[in-house]
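Residue numbers (our numbering): 10 to 278.
Glycine included, C-beta positions come from ideal geometry on N, C-alpha and C.
Structure first, then comments.
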């Protein structure tokens with residue numbers, strides 16, 4: 010082979026080798042870029058999946074919270090409203106004196122028993138809430154603390170000895186006992202006795218009736234003589250504060266049905 014031809018062949022071979030190396034390098038870079046992009050895509054996919062799972066879990070918690078709120082908050086709302094409504098009617102419409110002294114036996118019985126029932130029903134739902142308070146998430150800790158504060162305020166109005174008139178005084182232990190008795194043992198453990206079952210228990214269960222004797226006697230005295238009771242006024246105010254807190258936008262109970270008793274001069278220290 011001539012020297013010139015040999016040199017030309019080496020040049021060609023070197024160029025081919027250089028091209029091959031360049032192609033290999035480019036291929037390696039492309040492969041590396043692909044790996045990096047794939048890794049980023051996989052990481053992004055993982056992050057997106059985690060975010061979707063987080064959002065799904067948050068939605069599930071929110072749905073559960075609303076379910077719990079409906080199961081516990083709404084019955085508490087209505088029991089508080091029913092009790093304050095009865096107290097308001099006792100003081101302004103003379104409900105007990107009108108129907109408790111009626112010539113119709115059914116009306117006399119209803120005035121006494123229904124008044125006793127709305128008191129006990131409220132205490133029953135408070136006892137259920139007390140047992141399940143960690144599940145009653147109203148959305149933030151401040152609201153939860155406010156609920157506990159309102160329930161405590163009402164309990165204090167019932168139990169305090171600062172009023173000179175001791176009628177409708179229910180000590181804290183008695184409040185708990187009445188609440189426990191109102192929990193529906195035979196059915197759903199998270200509900201209170203209905204009015205029919207409540208009346209039946211009064212007739213056939215001496216142990217049940219025993220715990221209601223004090224309130225029953227107080228109701229009788231109000232039928233005979235309705236004096237201005239600051240305890241009832243404060244109770245009605247506290248219950249209405251609870252109603253306003255649980256239903257702030259009047260979605261369940263209209264504003265027209267939210268009347269407060271006029272302030273009565275305190276008859277105690």
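Comparing alpha-carbon positions, the option among 219, 99, 187 and 136 lying closest to residue 81 turns out to be 136. Counting along the chain, the unbroken alpha helix (DSSP H) around residue 232 starts and ends at 215–233.
Judged by DSSP secondary structure, residue 133 falls within the alpha helix (DSSP H) whose first and last residues are 114–141. By the Cβ test, the region 161–173 is not in contact with the region 100–115, since fewer than three Cβ pairs between them sit closer than 8 Å.
Here the region 221–231 makes no contact with the region 88–98; the two share fewer than three CB pairs at distances below 8 Å. For the pair residue 116 and residue 249, the Cα-to-Cα distance works out to about 27 Å.
Within the DSSP secondary-structure output, residue 192 pairs in a beta bridge with 201. Counting of Cβ neighbours within 10 angstroms places residue 89 among the buried residues, the total reaching 16 or more. At a Cβ-Cβ threshold of 9 Å, residue 255 and residue 166 do not count as neighbours. Sequence-distant Cβ neighbours of residue 247 in its own chain, meaning closer than 6 Å and more than five residues away, are 162, 163 and 166. When the alpha-carbon of residue 253 is set against those of 242, 241 and 266, the nearest one is in 266. Setting aside the 5 residues that flank it on each side, residue 236 is surrounded in the same chain by 174, each with a C-beta closer than 8 Å to its C-beta; the list follows chain order. In the pairwise beta carbon analysis, the region 199–210 is classified as touching the region 124–139: at least three pairs are separated by under 8 Å.
Taking the CA atoms as reference points, residue 257 sits about 10 Å from residue 264. Spatial neighbours of residue 63 in its own chain (CB-CB distance under 8 Å, excluding positions within 5 residues in sequence) are not present. Residue environment for residue 121: buried (at least 16 other C-beta atoms within 10 angstroms of its C-beta). According to the DSSP assignment, residue 86 belongs to the alpha helix (DSSP H) that extends over 83–101. Taking every protein chain shown into account, the CB of residue 138 has 16 or more other CB atoms within 10 angstroms, so this residue is buried. The three-state secondary structure of residue 158, taken from DSSP, is helix. For residue 244, the three-state secondary structure derived from DSSP is helix. For residue 104, the uninterrupted alpha helix (DSSP H) run begins and ends at 104–109, by DSSP. Put simply, of 27, 140 and 169 the residue whose alpha carbon is nearest the alpha carbon of residue 180 is 169.
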